[in-house]
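Note sheet for the following structure.
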Amino acid sequence: MIYSLKGEISYVGKDFLVIDVRDVGYQVFVPNVNKFHVGENLLLYTYQVTREDEQYLAGFSSLAEREVFVSLISVKGIGPRTALGALKDANPEELVRAISSNNVTYLKKLPGIGAKAAAQIILDLKGQLVEGTKGNPEQYEEVRAYLKSLRYKNKEIDDVLAKINVIGASNEEIILLALKELGNK
5 MIYSLKGEIS YVGKDFLVID VRDVGYQVFV PNVNKFHVGE NLLLYTYQVT REDEQYLAGF
65 SSLAEREVFV SLISVKGIGP RTALGALKDA NPEELVRAIS SNNVTYLKKL PGIGAKAAAQ
125 IILDLKGQLV EGTKGNPEQY EEVRAYLKSL RYKNKEIDDV LAKINVIGAS NEEIILLALK
185 ELGNK
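Going from the sequence shown to this note's numbering is simple: count from 1 and add 4.
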């Protein structure tokens, strides 16, 4: 198994890099190719994906990003491509906070993750990635319903709740944070 690669980027593709390591080019799929440039020297932590019909390397700029990827692909229904897509739009710390605070709304905004997958991620990973006090799984839905009763639009509510990831917060605290954010728009 290849744990990391250290070398120079020789090509940046749509969703992958080619890393030249001692005259051998390794194709590595990464969450966000926009962070990398041809000619740049780097160290990538990798994960070798082996499926029945394909085999490839996924690369990460930090160990935290790799660990979150490995955790995500352990969830039923979340494959490596979906996990890479999720890490493209969120950093590892944001994902861990969203999972720890049961923020389904935040997870649903990530590419390839719907309501069912978001709930499964929280069910499978809550408490594994970060220790601490956890909210109840229906909390963000209760807050969402309350904000909707105040006649805020679904998109406004989803955008605000996707930003609020407070571990152990009460409904009232989340509502106050959401109202403050909605008032700043």
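Just so you know, even glycine gets a beta-carbon here, dropped at the ideal spot from N, CA and C.
Length of the line joining the Cα atoms of GLY136 and ASP163: Since pLDDT at GLY136 reaches only 40, below the 50 mark, its modelled position is unreliable, and the value read off the structure follows with that caveat. Each residue's Cα considered, the two are about 25 Å apart.
Within 9 Å, strictly: CB atoms of TYR110 and ALA62: no
Status (buried if at least 16 other CB within 10 Å, exposed otherwise) for PRO141: Any reading at PRO141 must be qualified, since the residue scores a pLDDT of 49, below 50, and its modelled position is unreliable; no value is offered.
Range of the contiguous beta strand (DSSP E) that encloses ASP24: 20-25
Beta-carbon spacing of ASN45, ILE6 below 9 Å: no
For LEU46, three-class secondary structure by DSSP: strand
Nearest residue (CA-CA) to LYS80, options ILE126, TYR51, ASN175: ILE126
Residues that THR54 bridges to, as DSSP identifies them: GLN59
Cβ neighbour criterion (16 or more within 10 Å) applied to LYS39: exposed
Close beta carbons around TYR49, own chain, < 8 Å, minus the five adjacent residues each side: TYR7, SER8, GLY63, PHE64, SER65, SER66, LEU67, GLU69, ARG70
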